[in-house]
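**Student:** Let me give you the structure first, and then I'll get to my questions.
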Amino acid sequence: MFPPFLAVLLAKGAPIGLMVYAFACFANFAAGLTNYGTTPSPMFFAQNYVPLKKWWQVGAVVSVANLLIWGTVGFGWWKLIGIW
Numbered sequence: 023m024f025p026p027f028l029a030v031l032l033a034k035g036a037p038i039g040l041m042v043y044a045f046a047c048f049a050n051f052a053a054g055l056t057n058y059g060t061t062p063s064p065m066f067f068a069q070n071y072v073p074l075k076k077w078w079q080v081g082a083v084v085s086v087a088n089l090l091i092w093g094t095v096g097f098g099w100w101k102l103i104g105i106w
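Counting in the numbering used here, the sequence shown runs from 23 upward without gaps.
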């Protein structure tokens, strides 16, 4: 799905470097949300270390925090070092 999204954003005038880096980084955020998103997650889940509801709650909070941090500090840093 990257090429269609990039095409739309480029047509709207978004900086290409920023969009490519952002998509590459944001693609990893989904892994922390679910009980099957990373390699060790199913092992922890299978042993019932964390209940499913709690897993999704914590995953949602961490995902929102990641988006907020990357959307402010991350983009600001990329602007400072000249990526866009």
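Cβ coordinates follow ideal geometry from the N, Cα and C atoms, glycine included.
Using CA atoms only, rank isn't needed, just tell me which of A44, A82, A29, G39 is closest to G59.
**Tutor:** The residue with the shortest Cα to Cα distance from G59 is A82.
**Student:** So, under 8 Å CB-CB, G39 and I103 are touching, yes? Tell me the CB distance rounded to an integer number of Å.
**Tutor:** Wrong, their Cβ atoms sit about 11 Å apart, outside the cutoff.
**Student:** Cβ of F45 within 8 Å of Cβ of F24?
**Tutor:** Their beta carbons are under 8 Å apart, which means F45 touches F24 by this criterion.
**Student:** I need the DSSP call for G81, collapsed to helix, strand or coil.
**Tutor:** Of the three classes helix, strand and coil, the one that applies to G81 here is helix, per DSSP.
**Student:** Curious, which full-length alpha helix (DSSP H) runs of at least 4 residues does the region 25-99 contain?
**Tutor:** The qualifying runs are 38-48, 63-68, 74-91.
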